[in-house]
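These notes are about the structure you will find just below.
Number of protein chains: 2
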Amino acid sequence: MIVDISKKILIVGLGLLGGSYAKVLKRFGFHISAITKEQSSIDYALSEHLIDEGTTEIDERIIGEADLVIFALYPHIFVEWIEKHQGLLKSGALITDVTGVKGKIVYKIQEMLRDDVEFIAAHPMAGREVSGVENSTDKMFSGANYIVTPTAKNTPEAIQTCMELGRLLGFSNVTTLSPEEHDEMIGFLSQLTHCIAITLMTCNDKENMEKFTGDSFRDLTRIARINDLMWSELFVENKEALLEQMNLFIDKFHELKVMLETEDVDGMRKMMRYSTERRALFDKK
Amino acid sequence: MIVDISKKILIVGLGLLGGSYAKVLKRFGFHISAITKEQSSIDYALSEHLIDEGTTEIDERIIGEADLVIFALYPHIFVEWIEKHQGLLKSGALITDVTGVKGKIVYKIQEMLRDDVEFIAAHPMAGREVSGVENSTDKMFSGANYIVTPTAKNTPEAIQTCMELGRLLGFSNVTTLSPEEHDEMIGFLSQLTHCIAITLMTCNDKENMEKFTGDSFRDLTRIARINDLMWSELFVENKEALLEQMNLFIDKFHELKVMLETEDVDGMRKMMRYSTERRALFDKK
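Quick look at the structure:
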C-alpha cells in the first residue's frame, strides 16, 4: 500500500503528536478517524476539523475500515491495545507508531500480530514542552527527523509507505535505522539529555538562584520540565542503552573533574576545542 | 563619584563586552577612551563611533584622565595590568571589571591597589557565542543580571556608582552578592552548565549522530562551542566552588542511575516532578 488520499487513516491516541499528525494529514484530504481516552479531545479535534470522526470507544466499524492505523500511545498501552483489539483490524491494514523506544516494542508487537496485518515502526523526533491535542500544530515537523525502524519481518512496500508518510507529514529528514541503532542513538541524543537536565535542575536547591540565572542554565534545563509518566516509562523501556550512555557521560565528566583538580589547563583546553569542533556538526542546516 | 556624563570613562580590553559597554555608554554622551591589544579593534570602534579615542599603548594621558576605568580582560591579565600600571591611574579614580570569578581576583586587586583608587568588582552576566568588538551590541544586557560584589573595603558611594552603571548599561536586574556567594552561584549556574555541555558533546563520538538530533541535544550543547582560553582560566580561578557543584551533580546523577538500574519508577517520577516544579521558577519573567 502506498499512501493515497482514498485511504482511511485511524489515529489511536489523540494527544500532541496524534493531533498534529491529524492536522497535517487532514489538509491533504485523507479521511481521518480517531480513538482516544477523553471525549474532550475528540470534541476539540472535531471542532477544529482535525478529524472526520472520533470516539472514546473501541468502535469496530472505525477500526475495521482503517487502511493505515497510527498508534500514538504510551509504549505499554500500545502493546496492550494490540493484545486486546488486533482482531478488529482490517485484513491488509498497515500499522505504525510514534513510540520513542524501539527494541523492546517492535519485536514484541510484530511477534504477536496477525499475519495479514503489518507493523512498521517509526519515531517522529519532534515534541514540545506542552502536551494535549489542543497544542497540536502543523509546524512541528519542519526541520525534524523521522526515523523508520524496519526489521527482517517488514516488506519493502511497508517501509516505503512509512517513509512516504514521514515526508507527507513534513519531516525534513526521513531515514531508517535498525531498532538497536535507533535505541542507542535516542539513548544518547534524547534520553541522556533529559537525564542531565533533570539532574542539573534538582542537584542544588539553594534558594533565589533564579534571580541570577543566565541563558546557559535556562537552555540546559528547558527539558527539565518533563512528563514524568511518559519519560520514566521510556527510560525503563530503553534501560540498557540508556545506562550505557549514562556511563559514557559519567566517565568523561570524571576526566574533566580530574583535569580541574590537577589544574591540567592544556587537557581542559583540548577537550574544549574538540567540543567546539564537534558542536559545529550539530548546527541546524 | 556618581556617574555623570562629564566623567571620562576608559575601557581596558575592547572585546565583545568592552565594546558593548562602549556602545551603550557613548550613546549617553560620556567621553569614552579605550586601550586594547589590537589596532584593528581600535580602528573598528572609532569607525563605528563606539569610542572617542583609543590606543594599543599604555598611554599615560588617557589613563591619567579617566575617572572610571572598566577592565574587560582575562583575570590574570587584569591582575598583571594593575601590578604594572596602577601608578598611572588618576587619584580618586574608580575602577571596576567584568570578571566572571570574584573570590580569587577581588581581594588580590584590592590588596595591591593604591589607597587613593577604589576597586569595586562587578560581573555582567551576559555573553554571546561570538567574541570580538565587531560583535558588540547594545541589546545584550536587557533581561540580564548585573552582580556587584563589594567587600568590607568598599565605600557605599562606590557600590552605588557601580550599581548605577549596571542600570545605565541596561541590565534588568542589578544586585549585590559577596564574592563567595557570587562564586558559588556562578559555579552552579554558569560553570557547571559549561562543564556538562562540553562533556555531553565529547563523551560519545559515534559518527552521523547530527543527522538524528533534535532540539533537546542542540539546546544542551549550544554552549559547548566555547572559548577554551577564557573558560579554562575561569574554571581554575573558581576551582573549589566549581568542584563542589560538580560533586553535587555527580551525586544526583548517580541517584538517578541507581533508580533506573532498579527500575524504581516511583523514585524517577518523583525526581521528574520536582524538576518540573523547580524549572518553573527559572522561566523568564
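From first to last, the protein sequence lines stand for chains A and B. If you're matching positions, the first sequence starts at 0 in numbering that gives the first Met the number 0 and goes up one per residue. If you're matching positions, the second sequence starts at 0 in numbering that gives the first Met the number 0 and goes up one per residue. The C-beta atom is built at its ideal place from N, Cα and C for all residues, glycine as well. Since this is a predicted model, take the numbers as computed values, not measurements.
Using a Cβ-Cβ cut-off of 8 Å, A/I222 counts as an interface residue toward chain B, since at least one Cβ of chain B sits closer than that to its own. Per DSSP, reduced to three states, the secondary structure at A/G53 is strand. Near chain B, meaning a CB-to-CB distance below 9 Å, the residues of the segment 170 to 191 of chain A are N172, T174, L176, H181, E183, M184, I185, F187, L188, S189, L191. Taking the Cα positions, A/K205 is about 29 Å away from B/C202. No Cβ-Cβ contact shorter than 8 Å links A/M200 with B/M184.
With respect to A/L93, A/L67 sits close: the two C-beta atoms are nearer than 8 Å.
Shortest Cα-Cα distance from A/G126 to any of A/M111, A/G142, A/I119 involves A/G142.
For A/A33, the enclosing beta strand (DSSP E) starts and ends at 30 to 34.
Where B/H122 is concerned, the enclosing beta strand (DSSP E) starts and stops at 121 to 124. Boundaries cannot be given for A/L87, as no beta strand (DSSP E) includes it and DSSP labels it neither H nor E.
In this structure, the alpha-carbon of A/A196 lies about 34 Å from that of B/E133.
Taking 8 Å as the cut-off, the Cβ atoms of A/G53 and A/A44 count as close. Excluding residues up to 5 positions away in sequence, G99, M124 lie with their Cβ nearer than 8 Å to the Cβ of A/S189 in the same chain. Taking 8 Å as the cut-off, the Cβ atoms of A/A240 and A/G186 count as close.
For B/M139, no CB of chain A lies under 8 Å from its own CB, so it is not counted at the interface with that chain.
With contacts defined as CB atoms closer than 8 Å, B/F234 and A/M267 qualify as a contacting pair. Taking every protein chain shown into account, the CB of A/D227 has 16 or more other CB atoms within 10 angstroms, so this residue is buried. Annotation: A/F27 is outside any beta strand (DSSP E) and is labelled neither H nor E by DSSP. Taking all protein chains in view, the Cβ of A/M258 is crowded by 16 or more other Cβ atoms within 10 Å, so the residue is classified as buried. Close to chain A, meaning a Cβ-Cβ distance shorter than 8 Å, are the following residues of the segment 192 to 207 of chain B: T192, H193, C194, I195, A196, I197, T198, L199, M200, T201, C202, N203, D204, K205. Taking 8 Å as the cut-off, the Cβ atoms of B/F216 and A/T192 count as close. In the DSSP assignment, B/L247 falls within the alpha helix (DSSP H) that extends over 238 to 260.
In the three-state DSSP reduction, A/Y145 falls in the strand class (E or B). Closest in alpha carbon position to A/A71, among A/K256, A/A21, A/G63, A/I158, is A/A21. Taking the Cα of B/V129 as reference, the smallest distance to any Cα among B/I8, B/Q109, B/G14 is reached at B/G14.
According to the DSSP assignment, B/T160 belongs to the alpha helix (DSSP H) that extends over 155 to 168. Cβ proximity to chain B below 7 Å picks out nothing from the segment 14 to 34 of chain A. Closer than 9 Å at the C-beta level to chain A, one finds these residues of the segment 236 to 254 of chain B: K238, L241, L242, Q244, M245, N246, L247, F248, I249, D250, K251, F252, H253, E254. The alpha-carbon of B/G165 is positioned some 21 Å away from that of B/H48.
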